[in-house]
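As numbered in our numbering, residues 155 to 637 make up the sequence shown, in order.
We put the beta carbon where it would ideally sit given N, CA and C, even for glycine.
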Amino acid sequence: MSETTALPSSTHVPDGLEDVADQVAAQLPDTRAWLEDLVRIPSISVSPDHVDQVRASAERTAERLRDAGLEDVQLLELEGAHPYVTGSWLHAGPDAPTVLLYAHHDVQPVGTPDRWGSEPFTPTERDGRLFGRGAADDKAGIMAHVAAIRAWLTARGTLPVNVKVIIEGEEEIGSPHLGAFLERYAELLQADVIVLTDLVNWKLGWPGLTTTLRGMADATITVRSLEQPVHSGMWGGAVPDALTATTRLLASLHHDDGSIAVAGFADDVRPMSDDERAQVAALGEDPDEIRHEVRMLDGVRFVGDPDRTLLERMWAQPTITPTGMDVPSVSDASNTLLARVDTKLSCRLAPGQDPDRAMEALAQHLRDHTPWGVHVEVALGERNPAWVMEPGGAAWDAAIDAMAAAYGRDPAILGCGGSIPFVGPFSDAFGGAPCLLVGIEDPASNAHGEDESLHLEDFVKACLTEAFLLGGLAGSAATGGEG
Ligand SMILES: [Zn+2]
Numbered sequence: 155m156s157e158t159t160a161l162p163s164s165t166h167v168p169d170g171l172e173d174v175a176d177q178v179a180a181q182l183p184d185t186r187a188w189l190e191d192l193v194r195i196p197s198i199s200v201s202p203d204h205v206d207q208v209r210a211s212a213e214r215t216a217e218r219l220r221d222a223g224l225e226d227v228q229l230l231e232l233e234g235a236h237p238y239v240t241g242s243w244l245h246a247g248p249d250a251p252t253v254l255l256y257a258h259h260d261v262q263p264v265g266t267p268d269r270w271g272s273e274p275f276t277p278t279e280r281d282g283r284l285f286g287r288g289a290a291d292d293k294a295g296i297m298a299h300v301a302a303i304r305a306w307l308t309a310r311g312t313l314p315v316n317v318k319v320i321i322e323g324e325e326e327i328g329s330p331h332l333g334a335f336l337e338r339y340a341e342l343l344q345a346d347v348i349v350l351t352d353l354v355n356w357k358l359g360w361p362g363l364t365t366t367l368r369g370m371a372d373a374t375i376t377v378r379s380l381e382q383p384v385h386s387g388m389w390g391g392a393v394p395d396a397l398t399a400t401t402r403l404l405a406s407l408h409h410d411d412g413s414i415a416v417a418g419f420a421d422d423v424r425p426m427s428d429d430e431r432a433q434v435a436a437l438g439e440d441p442d443e444i445r446h447e448v449r450m451l452d453g454v455r456f457v458g459d460p461d462r463t464l465l466e467r468m469w470a471q472p473t474i475t476p477t478g479m480d481v482p483s484v485s486d487a488s489n490t491l492l493a494r495v496d497t498k499l500s501c502r503l504a505p506g507q508d509p510d511r512a513m514e515a516l517a518q519h520l521r522d523h524t525p526w527g528v529h530v531e532v533a534l535g536e537r538n539p540a541w542v543m544e545p546g547g548a549a550w551d552a553a554i555d556a557m558a559a560a561y562g563r564d565p566a567i568l569g570c571g572g573s574i575p576f577v578g579p580f581s582d583a584f585g586g587a588p589c590l591l592v593g594i595e596d597p598a599s600n601a602h603g604e605d606e607s608l609h610l611e612d613f614v615k616a617c618l619t620e621a622f623l624l625g626g627l628a629g630s631a632a633t634g635g636e637g
């Protein structure tokens with residue numbers, strides 16, 4: 155091994171991959187600069203005002219895939235969808251497996267600008283972390299793919315496996331065009347193994363491999379009590395207003411302990427297996443640490459079924475959460491009885507739950523619990539089921555080995571409360587191809603919140619993980635991943 159490279163001290167380079175590891179290290183200045191360059195583009199997919207920026211981010215991503223040495227790099231377009239970016243390198247031979255590398259280039263809105271310690275789209279280093287919207291979720295994921303591919307091609311002029319890359323542009327809005335996209339492009343993206351770098355590690359310096367994802371669904375409730383707002387002094391006390399009715403309706407969704415009170419909603423949730431419970435127990439859940447990580451205020455208590463651990467509640471149980479409401483603001487409030495209130499409900503769905511069945515149960519509950527005869531309409535939105543993989547198989551083992559080498563410790567086996575709609579449909583389309591969900595964030599990254607950041611040394615380990623993983627997957631035959 156070269157004496158001159160600045161690899162993290164915990165990294166143990168696998169025998170025979172010294173040259174590739176050295177290239178990852180040598181290219182870090184470029185990797186970092188390219189990441190910052192991507193973070194400067196505000197690719198907020200939910201915002202109609204940022205359509206051009208999401209496209210700019212796709213184009214810049216395509217440039218980097220070309221810089222990495224990929225071929226056939228192009229934007230994949232679908233009517234009305236933000237562009238996806240793809241590229242490939244398919245010269246490892248027919249006996250080598252084909253690996254599909256996934257990340258996404260769109261980002262969440264910035265939230266409250268004052269709560270950022272630096273400008274969200276001006277990447278800024280503080281205390282070993284790079285702050286900026288998308289710095290971790292998921293532009294770091296893109297750059298881990300770029301760094302690994304480029305290191306191999308620079309060191310060897312070849313890759314150990316066939317590689318396809320897909321960088322999505324609508325992940326943060328629930329991938330509404332995924333079905334149509336899959337229909338048109340599945341053949342182009344066909345692969346034996348899928349690697350996603352859009353997940354969270356267990357702790358700083360302690361990598362994570364994720365085996366379950368919750369699904370996601372949403373609904374919009376419209377409550378109406380009057381044809382128009384009326385004077386609260388003249389009529390209040392006898393005539394119901396839509397906001398009081400809505401708050402009673404929302405209060406009916408949960409028991410006093412915060413667990414879900416909707417009949418039937420969680421009936422088909424798959425219970426955690428004994429193995430999964432043992433894995434969770436081995437993580438040593440620390441409620442105080444969770445409080446600290448999410449910055450819960452003093453005196454605020456956890457919610458949910460008290461007979462389940464916090465991690466089980468967050469990974470393997472569903473949620474129903476109001477996330478927005480159309481009502482007058484406090485400064486615009488007048489003395490009127492409101493005639494109409496619209497509320498957005500966001501649900502996370504647990505493994506086992508049938509999204510259609512669960513959301514119908516929710517809609518029925520809302521119709522049954524609306525007080526005083528006020529009118530309620532429920533519009534159900536996008537929904538995706540949870541995803542579960544069975545650990546094991548050659549690809550799984552290769553991922554464990556790669557992470558152990560890069561981080562100097564075995565990965566934690568994790569569930570994830572979040573959702574990546576891409577995973578299930580693509581794995582199914584490729585005959586149940588194994589999906590390796592590899593961590594890139596750490597719990598302090600605050601993805602989706604203010605002051606999102608990437609830990610720079612762990613990012614190096616993530617790039618090394620992927621470089622080692624490509625090598626490890628070469629040993630797993632094309633069919634070696636099922637399990
Ligand atoms: Zn993400």
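Query                                                                                                                                                              : Result
Could you tell me which of Gly286, Gly288, Leu358, Ile321 sits nearest to Thr164, measuring between CA atoms?                                                      : Sequence inspection shows Ser at residue 164; the Thr mentioned does not correspond to that position. For Ser164, the nearest C-alpha among the options comes from Leu358.
Note down, one range per segment and in chain order, each beta strand (DSSP E) of at least 3 residues found wholly within the region 263-300.                      : 278-280, 283-285
Where does His259 fall in DSSP's three states?                                                                                                                     : coil
Among all the DSSP beta bridges, which residues are the ones paired with Pro110?                                                                                   : The shown model of the chain, from 155 to 637, leaves out residue 110, and the question about it has no answer.
To the nearest whole angstrom, what separates the beta carbons of Val261 and Ile198, a pair I think is in contact under 8 Å?                                       : 6 Å
To which residues of the same chain is Thr312 closer than 8 Å at the C-beta, ignoring the five residues directly before and after it?                              : His245, Ala246, Trp306
Please report the straight-line C-alpha distance between Val178 and Leu350, rounded to a whole angstrom.                                                           : 19 Å
So, does the region 338-349 touch the region 279-286, judging by three or more C-beta pairs under 8 Å?                                                             : no
In terms of DSSP beta bridges, what is Cys646 paired with?                                                                                                         : What is shown of the chain runs 155 to 637, which leaves residue 646 out entirely.
From the DSSP output, which residues share a beta bridge with Arg220?                                                                                              : The partner list for Arg220 (beta bridge, DSSP) is empty, contrary to what the question assumes.
Mind checking who His408 pairs with in its DSSP beta bridge?                                                                                                       : Ile414
So, for Arg424: in the same chain, excluding its five sequence neighbours on each side, which residues have a beta-carbon less than 6 Å away from its beta-carbon? : Pro505, Gly506
Is the region 464-476 in contact with the region 438-454, if contact means three or more CB pairs nearer than 8 Å?                                                 : yes
Output the distance between the C-alpha atoms of Glu381 and Arg494, rounded to the nearest integer angstrom.                                                       : 8 Å
Assign Glu231 to one of three DSSP states: helix, strand, or coil.                                                                                                 : coil
Leaving out five residues before and five after Ser630 in sequence, what residues of the same chain have Cβ atoms less than 7 Å from its Cβ?                       : Pro251, Ala548, Ala549, Ala552
Measure the alpha-carbon distance for Thr490 versus Ile375 and round it to whole angstroms.                                                                        : 21 Å
Is Glu322 near ligand 1, going by C-beta to nearest heavy atom under 7 Å?                                                                                          : no
I'd like the list of long-range same chain contacts for Gly362, defined as Cβ closer than 7 Å, with 5 residues on each side in sequence excluded.                  : Leu353, Val354, Asn355, Trp356, Pro565, Ala566, Leu568, Gly593
Of the choices Gly586, Asp291, Glu326, Ile195, whose alpha-carbon is the least far from that of Thr213?                                                            : It is Glu, not Thr, that sits at residue 213 in the sequence shown. Closest by alpha carbon: Ile195.
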